[in-house]
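In the UniProt record's numbering, the protein residues as written are 1 to 855.
Here it is in structure tokens:
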């Protein structure tokens, strides 16, 4: 009895040690699984926020807040899991996530509708998120001034609260307005006009509430003092104004306002809420006729030397890729209302160069002038003879305006219509910006006309909407894209964020495979590049230089130019109103969606350079691979008891550590290939055990290569790559995971893979190095392996006698096929170095392998 007790007690520490070691492996694997799942969850949230921002998905404010907070949670999970994988070595990433989360939370908890109680605000205090408190025009001017540091006039915002107090708290005023509006019949324009005149008269006669009067005059003094001669423009800034339903031209703007005129001008602009045009417009677009939500924008009038408008997209010619700038001498009203023929510049969006300038003959201009009675008005006067045929802008000013309006388009992520002026000191001042009205129905009109065309490729997934046309330029993984030509169609075997280097120059992108929620898809949408993914056979079917039209509306590629599609080549954002949800999105998405970390080899690929949650996602995902790749390095002799030996006809002493679901029956001393349940290991093992690669008798030996190996071993030449490894190989497995490490003789090979149903999680990482032969033969061997893997679709990097390769974000069946080939390759390459006697052998053995000639 005593001997049995001693034996039991002696086994307990060993069992405890094995359990601790297995728990350590399992902990790393669980962290890795958690990171991959959080990555997939975060990709879904980012895609949803991106779709909402672009108008493809509807969200209310509550949903925006919920999804933004979910993005923070998933990012923190990824950072926490990576930090555990790295044994605490990635704490800086957690700090970056928490800092971003704090900024996002600050934006989510402020600027809600109705949170501005003040009646007036300096433009220094206003931004785009406050549109439902100050109106669209004020919000945009504040955004330009405070967020983009663009030049705008001095001034202040009169909030919607001030207008509501005037209309709703002046005794009897709103009741009388409401009673009049109840009688309006939208189908009888003459009735609308009569009611409008009565409403306006009531408003102009109404007394001004004392708190509104004090607020307006105090804001004027704060904005313009001590300039007693200051002259301002008082413009409407209604809810939804300068949104896609812009109300442009429906409400009144009063120029030449002085301090003495301010209160009367305020009443006149408020009365324009009920002008005949405004009432008809609201009736036609489904807005309530008794709407009272109007802010006002009071800005100093620029004594304009010249003025006009700039469109970030051509408003008429959809085939154009130019910014359009129109301008005249004097004030810009003649450009806006179309009463004057302006100078026009077309500036290339791609290069910033002036493509065309058309200079008009300009006979009259509008100028500010003070009347004998002291009023300031805009008066029509002749243009001096010397200026009538002279451009109102210099080329430098035209290019600067083009840059500004493109910056605004990128910021608002919608084509912009921008009003500008040049003052008497030749300085550009921006007066307002609003989204352009684009025809979003044209694509539906041309779709039926394409029935007679047969596409080269069809059934692809649209990652970024639009149409592009140009010559095909194939781009290999890792290729230098510095010289990618402007206007070409980029052809990729697989999506890659590294394409960002040339993405802006591409007319469109076609990828054989890719994830719609991946990093590259996000970049394509951010840059507005029409992109179609998951078109198998595209690389072999499309030839370099072939002109194609990429229809990234229906996921097709056509040969040549398709005239019916070319008008749609510019991305057409969907019409959308500037809702509170969109305003909030614009505040938080700069901390969530942009991707800056695209090159893992760059010095800036660090936690400290993660300025968005997308950066965090990219960094954590990339680093997780390297952490798991090294998992086999932690296996030591003391862990041997965790493993069971694989009984199979392999030239390896192979042991398996099961992390869960990798073997049919875990805990036994020996298993057979039939016991393997791990998907990636099953596929790799299938290749290794394939009868075609199994040697049938002694392997042919090149004596010159064999003697070289013997010579190197005698003189120690093989020691440059490290000492001789142990003879034991390990496979650390789970149901969808494999880390296979073969360290035999003087070379090693590692295969690390996740193989499941979620495309964004799937990957294979492979590394091979060393050998007993000399440097030249070892380097030839890895070049031979590199040729084989490149042909199989791997991205390959070779340094000396070391090769690193990866294959990721492909469907499971594609990974299984590659793992089977890797298994065959592992058997064939063990002593290949002694066969690499000359350069011809590199090509010969690669070609033989790819055609199934293994002996």
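Quick reminder that beta carbons are idealized off the backbone N, C-alpha and C, glycines included.
All figures in this text were calculated on a predicted structure; none of them were measured in a lab.
| Check | Outcome |
| --- | --- |
| Whether residue 657 touches residue 730 by CB criterion (8 Å) | yes |
| Same chain only: Cβ atoms within 7 Å of residue 447, ignoring 5 sequence neighbours per side | The pLDDT assigned to residue 447 is 42, lower than 50, so where the model puts this residue is not dependable, and the model offers no usable value. |
| C-beta contact flag for residue 475 and residue 489 at 8 Å | no |
| The alpha helix (DSSP H) enclosing residue 627, as first and last residue numbers | 613-629 |
| For residue 457 and residue 538, believed in contact at Cβ under 8 Å, the rounded distance | 6 Å |
| Complete beta strand (DSSP E) runs within the segment 43-82 (minimum length 3 residues, chain order) | none |
| Three-way DSSP call (helix, strand, coil) for residue 521 in this model | helix |
| Residue 534 in three-state terms, based on DSSP | coil |
| Alpha-carbon spacing of residue 843 relative to residue 484, whole angstroms | 30 Å |
| For residue 561, three-class secondary structure by DSSP | coil |
| Cβ neighbours of residue 45 in the same chain (closer than 8 Å, five flanking residues each side left out) | 67, 70, 71 and 74 |
| CB contact flag (residue 767, residue 728, <8 Å) | no |
| Helix, strand or coil at residue 129 [DSSP, three-state] | helix |
| Residue 302 vs residue 429 beta-carbon contact at 8 Å | yes |
| Pairwise C-alpha distance: residue 649 and residue 691 | 10 Å |
| Uninterrupted alpha helix (DSSP H) stretches inside the segment 642-666 (no shorter than 4 residues) | none |
| Outcome for residue 385 when other beta-carbon atoms lying within 10 angstroms are tallied against a minimum of 16 | exposed |
| Boundaries of the alpha helix (DSSP H) in which residue 749 is found, first to last residue | From DSSP, residue 749 is part of no alpha helix (DSSP H) but of the beta strand (DSSP E) over 747-754. |
| Rounded separation between residue 234 and residue 320 - CA only | 36 Å |
| Where the alpha helix (DSSP H) containing residue 471 begins and where it ends | Careful: residue 471 lies outside any alpha helix (DSSP H), inside the beta strand (DSSP E) at 466-474. |
| Identity of the residues DSSP links to residue 329 by a beta bridge | 306 |
| Terminal residues of the beta strand (DSSP E) in which residue 155 lies | 155-158 |
| Stretch pair the segment 616-636 + the segment 76-94: three plus CB contacts closer than 8 Å | yes |
| Alpha-carbon spacing of residue 37 relative to residue 151, whole angstroms | 46 Å |
| Range of the contiguous alpha helix (DSSP H) that encloses residue 763 | Residue 763 -> not in any alpha helix (DSSP H); beta strand (DSSP E) instead, spanning 763-770. |
| Neighbour-count burial assignment, residue 27, 16 or more Cβ in a 10 Å radius | exposed |
| Distance, residue 752 Cα to residue 783 Cα | 21 Å |
| Alpha helix (DSSP H) segment containing residue 668, residue limits | Per DSSP, residue 668 belongs to no alpha helix (DSSP H) and is neither H nor E. |
| Contact set for residue 541: own chain, Cβ-Cβ below 8 Å, skip 5 residues either direction | 456 and 457 |
| Sequence-distant residues of its chain with Cβ nearer than 7 Å to residue 684 (five each side left out) | 738, 740, 751, 819, 822 and 823 |
| 4 or more residues per run - each alpha helix (DSSP H) lying fully within the segment 181-243 | 189-205 and 210-224 |
| Residue 838 to residue 777 span [Cα, whole Å] | 8 Å |
| DSSP-derived helix/strand/coil call for residue 554 | coil |
| Bridge partners - residue 255, DSSP secondary structure assignment | In DSSP, residue 255 forms no bridge with anything. |
| Closer than 7 Å: residue 44 CB and nearest the ligand SAM heavy atom | The ligand SAM is absent from the structure shown, which contains no ligands of any kind. |
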